[in-house]
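Below is one structure, written out as C-alpha cells; the observations come after it.
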Ligand code: NDP
Ligand code: 2IT
C-alpha cells in the first residue's frame with residue numbers, strides 16, 4: 315500500500331535519512347506507516363503529542379563487543395546488540411537472534427515489529443530485540459557456552475525482570491537461554507525471571523517451546539473460520555525446520571491438514587505422504603543436523619537444493635517460518651498460480667512488499683507476522699507471570715490461555731480492519747490495533 319499522507323511521507327523520509335543502510339528497518343517502518351493514514355486522520359491528538367516521531371525512535375540502543383575463545387584457544391570477537399525500543403506499556407520484551415546476518419538494522423526492524431506485536435498480545439509488555447552476528451552453526455557446546463557467557467557478561471548490566479526480559483529467536487533456544495541465565499544469576503547474584511524460554515526445571519513455562527507454532531495455527535484457524543474455510547484436508551507448506559516450523563507443522567497436522575514440505579537455509583524436503591514430524595524432531599532437535607538427512611532415512615521423500623523452490627510446490631496454505639524476506643514477488647506469484655489461498659506468517663517479515671501486493675491482488679488471505687506469530691512472546695509473558703507468582707501452570711492451562719490470546723488477537727485485527735474501512739486487511743488491522751494502544755499510553759505519559 316502506497317503512502318499518500320504528506321505528514322507520514324515526511325516522517326518516513328526523515329527517518330530513512332537518519333537511519334542509513336538499514337533496509338529491513340525501513341521496510342518494516344514503511345509497512346506500518348502505510349496502514350496508519352486513516353488513524354492519523356481521525357486522531358490529530360496523537361500527531362500533536364509527537365507520538366509518531368517518538369515511536370519510530372528506539373528509547374535506547376546498546377552495541378557491545380563480545381570476545382570469546384574457541385576450542386583451539388583462538389580468540390574471536392563478535393558484536394552484541396540490544397535495542398530497547400519502547401517501554402510505554404511494559405518492560406522491554408523480545409528475543410535474541412544469533413545469526414551471521416545480524417546487524418543494527420535487522421535488530422531495529424525486529425524491535426520495531428515487537429512493539430506492536432507485544433501490544434496485540436493483551437499483556438503488559440514493551441518491545442525490544444537483541445542478538446549478535448555470532449554463527450552458532452558447527453560450534454561445540456563449549457564454544458556456545460563461552461559465547462553466551464561473554465554476551466551476558468555485558469548484557470546483564472542492561473536487563474532485569476522489571477526492565478528488559480530477553481528470550482529466544484533464530485539460533486537461540488533452550489540451550490543458549492540456559493547458559494545466559496546461569497551467567498546472569500552468577501554475576502548479579504539474584505534468581506529472577508530475567509529471561510524466558512528457560513528450561514522446565516528452572517522457571518521455564520510448559521508450552522513455551524510449542525507456543526509460536528501452535529499460536530500461528532490458532533490464529534490461522536480463526537482467520538480461516540472467519541472466511542468460511544478450515545485446515546481440514548488442506549495441503550500445507552512450512553518453511554524452516556526450527557522451533558517455529560516444527561510446532562506449526564505439529565498443530566496444522568492436528569487440525570487435519572497435510573504438511574508436505576519443510577526446509578532449512580540449504581534446501582527443502584518434499585514428502586507427498588505428509589511430513590514425518592517425529593523424524594524431523596529427531597534430526598533437528600536431538601541431533602542438530604541438516605534437513606537433508608530426512609531423505610537419507612525416508613528415501614520416498616525428495617530433497618532439493620535452494621530454499622526458494624519450496625514455494626513452487628502446489629498448496630492451499632503457506633506458513634513461512636524461517637526468516638525475513640523469504641517470499642519475494644516471484645515466489646508469491648508461484649504460490650498464487652498454484653492455487654494457494656492463504657499465507658500466514660510464523661517468521662518475522664517473511665514476505666517482501668511485492669509479495670504482499672501479490673497476496674492482496676490475488677485475493678489470498680494474509681495473516682501478518684506481528685499478529686500470527688505473537689503466541690511465542692505471549693507465552694513468554696505467561697512465563698513472566700508464573701515466575702512472579704512463584705508458581706507453574708500445567709501445559710493445558712498455558713495452552714488454553716495461549717489459545718484465548720490468539721483468538722483475541724484475531725478479533726482485534728478483524729475489528730480494526732473493519733472500523734478503519736479495510737475489512738479483511740488483517741495487516742492494516744494488526745498495525746492499527748497494535749499502534750493505538752501504545753500511542754495512547756505514550757500520550758498519557760507525556761513527552762518522554
Ligand atoms: P530457529 O533457529 O529454531 O530456526 C530457524 C529456521 O529458519 C532454520 O530452519 C533455519 O535454517 C531457517 N533459516 C534461518 N535463516 C535462514 C535464511 N537466511 N534462509 C533460509 N532459512 C533460514 O529459529 P525460530 O524457529 O525460533 O525462528 C524462525 C522465525 O520465527 C524467525 O523469523 C523468528 O524471528 C520468528 N519468530 C520466532 C519466535 C520464537 O518464539 N522462537 C517467535 C516469533 C517469531 P538453518 O538451520 O539452515 O539456518
Ligand atoms: O519474535 C518474537 O516474538 C520472538 N522471538 C519471541 C520473543 C519473546 O520474548 O518470547
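Residue numbers (our numbering): 315 to 762.
Don't be surprised by glycine CBs; every beta carbon is placed ideally from N, CA and C.
- Residue pairing from DSSP leaves residue 756 without any beta-bridge partner.
- For residue 482, the distance from the CB to the nearest heavy atom of the ligand 2IT is below 7 Å.
- The three-state secondary structure of residue 396, taken from DSSP, is strand.
- In this structure, the CA atom of residue 354 is about 7 Å from the CA atom of residue 361.
- By the criterion of a C-beta distance shorter than 6 Å, residue 571 is surrounded in its chain by 545, 548, 550, once the five residues flanking it on both sides are discounted.
- For residue 510, the Cβ falls inside the 7 Å cut-off from some heavy atom of the ligand 2IT.
- Apart from the 5 residues on each side of it in sequence, residue 457 sits with its Cβ closer than 8 Å to the Cβ of 382, 384, 385 in its chain, given in chain order.
- Just so you know, the alpha carbons of residue 734 and residue 470 end up roughly 42 Å apart.
- The alpha-carbon separation between residue 669 and residue 396 amounts to approximately 30 Å.
- Per DSSP, reduced to three states, the secondary structure at residue 382 is strand.
- The continuous beta strand (DSSP E) containing residue 619 extends over residues 616-619.
- For residue 516, no beta strand (DSSP E) encloses it, and the DSSP letter there is neither H nor E.
- By the Cβ neighbour-count rule, residue 740 is buried, with 16 or more other Cβ atoms within 10 Å of its own.
- When DSSP states are grouped into helix, strand and coil, residue 481 belongs to the strand group.
- In this structure, residue 663 places its C-beta atom within 8 Å of the C-beta atom of residue 427.
- The Cβ atoms of residue 363 and residue 755 do not sit closer than 8 Å to each other.
- Between the segment 441-451 and the segment 399-419 there are three or more inter-stretch CB-CB distances shorter than 8 Å, so the stretches are counted as touching.
- Listed in chain order, the non-local C-beta contacts of residue 487 below 7 Å within the same chain comprise 557, local neighbours out to five positions each way being set aside.
- Along the segment 331-370, the alpha helix (DSSP H) occurs as fully enclosed runs of 4 or more residues at 337-348, 351-356, 358-362, 365-369, listed in sequence order.
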